[in-house]
Every structure is written in structure tokens, then in C-alpha cells.
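Chemist: This is the structure, below, for whatever I ask next.
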Amino acid sequence: MNVLVLGGGGREHAIAWKISQGKECTRLFAMPGNPGTARIGQNLAGSPKDFALVKKAVLDNNVDMVVVGPEDPLVGGLGDFFAEDPDLKDVLFVGPGSKGAALEGSKEFAKQFMQRHGIPTAAFRSFTAGTIDEADRFLESLKAPYVLKADGLAAGKGVLICQSLDQAKEELRNMLGGKFGSAGNTVVIEEFLSGIEVSMFILTDGKDYLLLPEAKDYKRIGEGDTGLNTGGMGAVSPVPFVTDDFKNKVRERIILPTLKGLQEEGIPYKGFIFLGLMNCGGDPYVIEYNVRMGDPETEAVMTRIDSDLLHHLKMCALGRLSEEKIIVSDHSALTVVCVSGGYPESYKKGIEIKGNAFSAPDANIFHMGTALSLDGKLVTSGGRVLAITSGSRQSNAVRAIEEGRETCYKEAEGIEFQGKYFRKDIGLDIIRYIEEG
Ligand code: AMP
Ligand code: GLY
Numbered sequence: 436m437n438v439l440v441l442g443g444g445g446r447e448h449a450i451a452w453k454i455s456q457g458k459e460c461t462r463l464f465a466m467p468g469n470p471g472t473a474r475i476g477q478n479l480a481g482s483p484k485d486f487a488l489v490k491k492a493v494l495d496n497n498v499d500m501v502v503v504g505p506e507d508p509l510v511g512g513l514g515d516f517f518a519e520d521p522d523l524k525d526v527l528f529v530g531p532g533s534k535g536a537a538l539e540g541s542k543e544f545a546k547q548f549m550q551r552h553g554i555p556t557a558a559f560r561s562f563t564a565g566t567i568d569e570a571d572r573f574l575e576s577l578k579a580p581y582v583l584k585a586d587g588l589a590a591g592k593g594v595l596i597c598q599s600l601d602q603a604k605e606e607l608r609n610m611l612g613g614k615f616g617s618a619g620n621t622v623v624i625e626e627f628l629s630g631i632e633v634s635m636f637i638l639t640d641g642k643d644y645l646l647l648p649e650a651k652d653y654k655r656i657g658e659g660d661t662g663l664n665t666g667g668m669g670a671v672s673p674v675p676f677v678t679d680d681f682k683n684k685v686r687e688r689i690i691l692p693t694l695k696g697l698q699e700e701g702i703p704y705k706g707f708i709f710l711g712l713m714n715c716g717g718d719p720y721v722i723e724y725n726v727r728m729g730d731p732e733t734e735a736v737m738t739r740i741d742s743d744l745l746h747h748l749k750m751c752a753l754g755r756l757s758e759e760k761i762i763v764s765d766h767s768a769l770t771v772v773c774v775s776g777g778y779p780e781s782y783k784k785g786i787e788i789k790g791n792a793f794s795a796p797d798a799n800i801f802h803m804g805t806a807l808s809l810d811g812k813l814v815t816s817g818g819r820v821l822a823i824t825s826g827s828r829q830s831n832a833v834r835a836i837e838e839g840r841e842t843c844y845k846e847a848e849g850i851e852f853q854g855k856y857f858r859k860d861i862g863l864d865i866i867r868y869i870e871e872g
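Sequential numbering from 436 applies to the sequence shown in this note's numbering.
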């Protein structure tokens, strides 16, 4: 099979890497890809948001299957475009249509969907500029901290957690006033959930699903979970509190009602669903749905899948996932993200990267924000630059994380670029959690 992966970050590098090991993989393309995907396949210039260009790439290269990494082409209707175009309708496509993608594209839709189907999530209401007085009253009825969410896609920045009522009211006005552009025309205000977050993932054909390994993400820039929010600074899989009992609760209370809800509402769905969950005293609540995999979680998750992901994706697109079984390895995986100095605020690009940035004996190095300069040097091209992932087969869970940390940090130290930063505490909270029982 010829496969095209859309996107160009660490998530897509990791997905492409796993697909490249598939028995049926003939040719592998990535659009736009990055210097990492160029080592395992062929990069095609262009943006996945340019549907005409994606179509041309598919037809020119006899692509049999398209796998979509990021959410925005899906929210923009790429899935519908493929389903409706006579030249493309036989091409296998992994990703929902725009109706399914609204689970991520509209927080209001997602919250109402959960409410309709009895899926546990924080209590909420949504407001517009015309209902700002009601919004104030709703805020007054809640306790601090206050959670405000722009309804639409805001590049991962549309969620604000405010510590005081005054700040919440001010931010509400900023959001409705255009702080996040039209994404903030509607604002969802919700109850604050306290607990530990975990990312869980399924691949579904709308009827059946495969449960992928779960992962913990490290969202803040600073050690000890301090400072600004980022796209994610590291990941660990497995997560010790995701026991069989917790998984059963997620299956019964969240996954099955989500799939049933999609069916009842006539929304076909073939693709990944990322469940951003809060574990509140052993009970899972949905913080958000994403219609894609997480980054950097994917880098850890892919290294734990022992079965043939390409085959799973093909059977997903064919609507035959009931015939598939995923094999998850019992080894652990740990990912450390090296970022540009200044990230998540402004940072420089085009800085030369030296050291072992392509492969290491005991680690996978996934490219998140790199490029080749005109004279062929590897340079930085984004805030998050490289995701170093290492696994361990140690049966002792603490020792396994320690081993992953040793390998990842050895590689992270060995990579050089001016301004390089990474968190040194990835996995330490999990070790503490295990040791404290
Ligand atoms: P999101 O962009 O929806 O992933 O939200 C960003 C982050 O805000 C989440 O990862 C959580 O850490 C936090 N968050 C979102 N909603 C809530 C909530 N209702 N209670 C507590 N934290 C939340
Ligand atoms: N790492 C979180 C996300 O991909 O949204």
C-alpha cells in the first residue's frame, strides 16, 4: 500500500515511523513532513489544508490510504471532501468528517454531546456577547478557580483558568471581544475539576474500537508543573492509575456512550479519538475530546504498539475493526521534548542543531519542529524541536521509568542547539505515585 500521512510534527513522524514497519507498506509519503519523516519516506511540499493539493498528491502518487495527523484539515472538512469527490472516494481515509471533527472543533458541541449522552464531564454553560450578564451570574455561582474556554479552535491556547472572580469576568470580556478571534465568539464556562489528568486514545470505525496505550502529558513549561502552558513537554506510558478497573469505567461510561451517541446522531466516524480525562478520585471525567492523537503522547504511545498499526488503520478505514486485535507491549515509554529558548512565548528559528538528532541506539528521536537549511544543515523551525523517546523492558515499574529517563536525558544532553531547554522532571511524579502506593 502507498500511504500518505498528513502533517509535519512529532506526532506525524511517530505515526509514519510505526506505519513504515507495517507489512503492507510499499511507499510512505508525508505532507509536508519534516527532516525526520524524510528519512523513512518521501516528503511532499504543501499544506494539508490545501485540499486540491492533497488530492493532486494522492492521484499523482497512487496513494491508497491517507492518515490525517492534525485536527484543522478535519474540522475544515477534508474527510467530507474525500467522501464526495468521485476521484477520491475509493481512497482509504483515516479521520472523521467535519461533523465528527466538531467534537474538537466546537467545545460547545462537545459539551452538549456529552450532556445528551450522559458522559461524565464538568458542569458547564455557554455564553455569547448577548448573554454576558448571565455569564457573570453563572460565574458568581461557581467557586474558584474558574475555567473559560473559547468554543472554536485556538491553537491549543483557548482555555483559561482564572484564580479570581474579577479576573474571570475580565477574561470573559477579552475572549468575547476577540482575544482568540472568532473562536471566542462563544465561550464555555465550566466547573473546575481537580484530579490527575491522563490522555487515552482509541482508533474507531464508528462501531468498534481499539484501545491504544494511555499516556501522561507534561503541559507546563517549568519543572514541577509550573509556568506557562505548552503543547506538551514530555510523556510517560503506561500510567499507573490506569488500572483494568479504571479502563473498564472509561469503556462503560465514556467510550461506549460516545460511539453510541455518534451512531444515534448519524455521525460516521473513522479515526482516532483522544480522550483528555481527569481522574477524580478514581472516576474518569472528560475534559475534552480531540479528533487526533496527542503530541507528544503519540511518540510514547507508538513505541508501545507491537501489532501492525498500518493494518489496524486499513481495517479502520474499511469499517472492519471488529476483526482487529491490538497488541500493546508491557514495556514502558518515556518522552522528553527539547524546545527552543523562549518557548512557549517568542523564540528564534533557524538555529543549527548539532549532535545525534536522527537516531540513537536506545532511543527514537522524533522531529517536531526541524527543517533543513538551504545549505543542508538541520535547523530549528518551531517551539518544540525534538521528542526523544526511550522504552524500557524492566519489569519493575520504577526502574523502567528510571531507565527511560537515563536514556532520554543522555540523548537530550548530546543534542546541541543554542537556547535548548527541556524539563528534567519527566516521570518523577509517576515514580513518586508508585512509591507512595
Ligand atoms: P484543553 O485545551 O481543553 O486541553 O484544556 C487545557 C487544560 O486546561 C487541560 O489540559 C486541563 O489541565 C485544564 N482544564 C480544562 N478544563 C478543566 C476543568 N474543567 N477543570 C480543571 N482543569 C481543566
Ligand atoms: N499533548 C496534548 C495535545 O496534543 O493536545
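No residue lacks a Cβ here, since even glycine has one placed at the ideal position from N, Cα and C. A quick note: this is a predicted structure, and the numbers were derived from the prediction, not measured.
1) Under 5 Å from any heavy atom of the ligand GLY, by CB: list those residues in chain order, please.
2) Given this structure, state the Cα-to-Cα distance separating Ile865 from Asp718, to the nearest angstrom.
3) Can you tell me where the beta strand (DSSP E) holding Pro719 begins and where it ends?
4) Note the first and the last residue of the continuous beta strand (DSSP E) segment covering His802.
5) Which same chain residues end up closer than 7 Å to Leu494 when comparing Cβ atoms and leaving out the 5 residues on each side of it in sequence?
6) With a 10 Å radius around its C-beta and 16 neighbouring C-beta atoms as the bar for buried, classify Asn714 as buried or exposed.
7) In the structure shown, what three-state DSSP assignment does Gly593 receive?
8) For the ligand AMP, any of its heavy atoms closer than 7 Å to the Cβ of Gly659?
9) Taking DSSP as the reference, what is the three-state secondary structure of Ala768?
10) Would you tell me roughly how many angstroms separate the C-alpha atoms of Ser757 and Ser830, rounded to the nearest one?
11) Tell me the DSSP bridge mates of Pro467?
12) Pull the bridge partners of Ala822 from the DSSP assignment, please.
13) The ligand AMP and Ile722: does the residue's C-beta get closer than 7 Å to at least one heavy atom of that ligand?
14) Does Lys542 pass the burial test, meaning 16 or more other C-beta atoms within 10 Å, or should it be called exposed?
15) Does the Cβ of Leu888 have 16 or more other Cβ atoms within 10 Å, making it buried, or fewer, making it exposed?
16) Going by Cα to Cα distance, which pick from Glu632, Asp571, Ile823, Gly445 is closest to Gln602?
17) With distance defined between alpha-carbon atoms, name the residue in Asp525, Ala585, Val671, Leu463 nearest to Leu753.
18) Can you have a look at Ile762 and say buried or exposed, based on whether 16 or more other CB atoms are within 10 angstroms of its CB?
19) Sorry if obvious, but does the Cβ on Tyr627 come closer than 7 Å to a heavy atom of the ligand AMP?
20) With DSSP as the reference, label Met728 as helix, strand or coil.
21) Between the C-alpha atoms of Gly804 and Gly817, what's the straight-line distance to the nearest angstrom?
22) Note down, one range per segment and in chain order, each alpha helix (DSSP H) of at least 4 residues found wholly within the segment 527-578.
23) With a threshold of 7 Å on Cβ separation, who are the neighbours of Gly457 within its own chain once the five nearest residues in sequence on each side are excluded?
24) Tell me whether the beta-carbon of Thr472 lies closer than 8 Å to the beta-carbon of Ala465.
25) Over what stretch of residues does the alpha helix (DSSP H) that includes Arg608 continue unbroken?
26) To the nearest whole angstrom, what separates the beta carbons of Val772 and Met668, a pair I think is in contact under 8 Å?
27) Within 7 Å: the Cβ of Lys534 and any heavy atom of the ligand AMP?
28) Cutting at 8 Å between CB atoms, please list the residues of its own chain near Ser617, excluding the five before and the five after it.
29) Give me the residue from Gly854, Gln853, Glu871, Ile836 with the minimum Cα distance to Asp860.
30) Suppose you measure from the CA of Thr566 to the CA of Lys695; what does that come to, to the nearest Å?
31) So, for Glu506: in the same chain, excluding its five sequence neighbours on each side, which residues have a beta-carbon less than 6 Å away from its beta-carbon?
32) May I ask you to check if the CB of Lys654 is nearer than 7 Å to at least one heavy atom of the ligand AMP?
33) Would you tell me roughly how many angstroms separate the C-alpha atoms of Val674 and Leu647, rounded to the nearest one?
34) For Val529, which of Gly514, Pro779, Leu697, Phe486 has the nearest alpha-carbon?
35) Ala806 to Tyr653, Cα distance in whole Å?
Modeler: With the given structure in hand:
1) Asp652, Gly667, Gly729, Asp730
2) What you label residue 865 is simply residue 430 of the sequence shown in a count that begins at 1. What you label residue 718 is simply residue 283 of the sequence shown in a count that begins at 1. So the alpha carbons of these two residues sit roughly 19 Å apart.
3) If you number the sequence shown from 1, residue 719 lands on position 284. From DSSP, the beta strand (DSSP E) with Pro719 extends over 718-725.
4) Sequence index remark: in the sequence shown, residue 802 carries index 367 (1-based). Note, His802: beta strand (DSSP E), 798-802.
5) One-based indexing of the sequence shown puts residue 494 at position 59. Same-chain partners within the cutoff: Asp522.
6) As a first step, residue 714 is located in the sequence shown; it is residue number 279 there, counting from the start. Buried: at least 16 other Cβ atoms inside 10 Å.
7) As a working note, residue 593 is residue 158 in the sequence shown. Assigned with DSSP and collapsed to three states, Gly593 falls in coil, not helix or strand.
8) In the sequence shown, the residue the question calls residue 659 occupies position 224. Answer for Gly659: no, Cβ out of range of the ligand AMP.
9) Mapped onto the sequence shown, residue 768 falls at position 333. The answer is strand: DSSP assigns Ala768 an E or B state.
10) Looking up residue 757 in the sequence shown gives position 322. Looking up residue 830 in the sequence shown gives position 395. So the two alpha carbons sit approximately 31 Å from each other.
11) The sequence position of residue 467 within the sequence shown is 32, counting from 1. Paired residue(s): Gly442.
12) Here residue 822 refers to the residue found at position 387 of the sequence shown. Under DSSP, Ala822 takes part in a beta bridge, and its partners are Val772, Phe801.
13) Against the sequence shown, residue 722 aligns to sequence position 287. Flag set: Cβ of Ile722 near the ligand AMP.
14) For this step, residue 542 is matched to residue 107 along the sequence shown. Residue environment for Lys542: buried (at least 16 other C-beta atoms within 10 angstroms of its C-beta).
15) As shown, the chain starts at 436 and ends at 872. That puts residue 888 outside it, with no answer to give.
16) In the sequence shown, the residue the question calls residue 602 occupies position 167. The shortest C-alpha separation from Gln602 is found at Asp571.
17) As a first step, residue 753 is located in the sequence shown; it is residue number 318 there, counting from the start. Just measuring C-alpha positions, the residue of Asp525, Ala585, Val671, Leu463 sitting nearest Leu753 is Asp525.
18) On the sequence shown, position 327 is the one that residue 762 refers to. With fewer than 16 other Cβ atoms within 10 Å, it is exposed.
19) Residue mapping note: residue 627 aligns to position 192 of the sequence shown, counting from 1. First, the residue type needs correcting, since residue 627 is Phe and not Tyr in the sequence shown. Correct: Phe627 has its Cβ closer than 7 Å to the ligand AMP.
20) Within the sequence shown, the letter at position 293 stands for residue 728. Secondary structure at Met728: coil, using DSSP grouped into helix, strand and coil.
21) Residue numbering aside, residue 804 sits at position 369 when the sequence shown is read from its first letter. Residue numbering aside, residue 817 sits at position 382 when the sequence shown is read from its first letter. If I take the Cα positions, the gap works out to 4 Å.
22) 533-540, 542-551, 567-576
23) Position 22 of the sequence shown, counted from the first residue, corresponds to residue 457. Asp743, Leu744, Leu745, His746.
24) Residue mapping note: residue 472 aligns to position 37 of the sequence shown, counting from 1. Residue mapping note: residue 465 aligns to position 30 of the sequence shown, counting from 1. Yes, the Cβ-Cβ distance between Thr472 and Ala465 is below 8 Å.
25) For the purposes of this step, residue 608 is identified with residue 173 of the sequence shown, where counting begins at 1. Here the alpha helix (DSSP H) through Arg608 covers 600-611.
26) The sequence position of residue 772 within the sequence shown is 337, counting from 1. The sequence position of residue 668 within the sequence shown is 233, counting from 1. The C-beta distance from Val772 to Met668 rounds to 5 Å, short enough to fall under 8 Å.
27) In the sequence shown, residue 534 corresponds to position 99, counting from 1. Incorrect: Lys534 has no Cβ contact closer than 7 Å to the ligand AMP.
28) Looking up residue 617 in the sequence shown gives position 182. Answer for Ser617: Gly587, listed in chain order.
29) Position 425 of the sequence shown, counted from the first residue, corresponds to residue 860. When only C-alpha atoms are compared, the closest one is Ile836.
30) Counting from 1 along the sequence shown, the entry for residue 566 is found at position 131. Counting from 1 along the sequence shown, the entry for residue 695 is found at position 260. If you take the alpha carbons of Thr566 and Lys695, they lie about 33 Å apart.
31) Within the sequence shown, residue 506 is the residue found at index 71, counting from 1. Counting only Cβ-Cβ distances below 6 Å, and skipping sequence neighbours, we find Glu539, Val726, Arg727.
32) Locating residue 654 in the sequence shown gives position 219, where the first residue counts as 1. Yes - the ligand AMP has a heavy atom lying nearer than 7 Å to the Cβ of Lys654.
33) In the sequence shown, counting from the first residue as 1, residue 674 sits at position 239. In the sequence shown, counting from the first residue as 1, residue 647 sits at position 212. Those two C-alpha atoms are separated by around 13 Å.
34) Taking the first residue of the sequence shown as position 1, residue 529 is located at position 94. Of the listed residues, the one whose Cα sits closest to Val529 is Gly514.
35) Start at 1 with the first residue of the sequence shown, and residue 806 comes out as number 371. Start at 1 with the first residue of the sequence shown, and residue 653 comes out as number 218. Their Cα atoms are separated by approximately 25 Å.
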